[in-house]
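Right, dumping it as structure tokens:
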């Protein structure tokens, strides 16, 4: 079995590839197969039902996309200001850290003043209310 991209990249002539892309986009057919002819060209077949036995191994079965699990942002999701502050804590100069993450020094300076004298959450690093 092939993925959709592998099936489309088998070497179809441009017009055939466009037709296959349209069929896939419209959801026509449950499966697609390809056969190599003796002259080296490809023949495409669109199947309304999935056959029990394939006459080729160049097959793409059209199906529902599998749902991807939604990942919650973890403690690695840090704002650019947070990244700059981490770099400064590691010994970078404020100028270099700001330039690296693409922030102004004023934004990082304000953030540094906001966090003075406040505790941060041990899990996410967010500042706790005073």
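Numbering (this note's numbering), first residue to last: 5 to 134. Glycine included, each C-beta is placed from N, C-alpha and C at the ideal position. Being a predicted model, the structure only gives us computed values, none of them experimental.
If you ignore the 5 residues before and after residue 84, its C-beta comes within less than 6 Å of the C-beta of 105 and 107, all in its own chain and listed in chain order. DSSP places residue 122 outside any beta strand (DSSP E), giving it a letter other than H or E. Assignment of residue 112 by DSSP, reduced to helix, strand and coil, places it in the helix class. Residue 30 has its alpha-carbon roughly 23 Å from the corresponding atom of residue 39.
Within the segment 5-88, the runs of alpha helix (DSSP H) at least 4 residues long that lie entirely inside it are, in chain order, 8-12 and 18-30. Under the three-state reduction of DSSP output, residue 107 falls in the coil class, being neither helix nor strand.
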